[in-house]
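To start, the structure itself, in structure tokens.
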Amino acid sequence: MNWLRRLFCAHRYEWMRNIYGDEINLSGGKRSLWGCTECGKVQARDDLHDDGDLRGIAGPLPERGWD
Ligand SMILES: [Zn+2]
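Count along the sequence shown from 1, add 55, and you get the number used in the working numbering.
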């Protein structure tokens, strides 16, 4: 009955891992995998998730109110 649970699940996705290399092509161009904590449904997304490694490269966001 897991399909029934997924059918009514609102899905709360948590990041699982990013996709690199050849696996990007195998997954059709997806860059990250997310799993629902409620029903276990796995979703692939186009965006590479920032798991901390990329933090600091782009620098801080500009503060608002300076225009
Ligand atoms: Zn779900």
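In this text, a Cβ means the ideal position worked out from N, Cα and C, and glycines have one as well.
DSSP on residue i, reduced to helix/strand/coil?
i, result
"residue 103", "coil"
"residue 61", "helix"
"residue 69", "strand"
For residue i versus residue j, is the C-beta distance shorter than 9 Å?
i, j, result
"residue 93", "residue 67", "yes"
"residue 104", "residue 82", "no"
Taking 8 Å as the cut-off, is the beta-carbon of residue i closer than that to any non-hydrogen atom of ligand 1?
i, result
"residue 104", "no"
"residue 65", "yes"
"residue 129", "One cannot answer for residue 129 here, as it falls past the ends of the chain, which runs 56 to 122."
"residue 100", "no"
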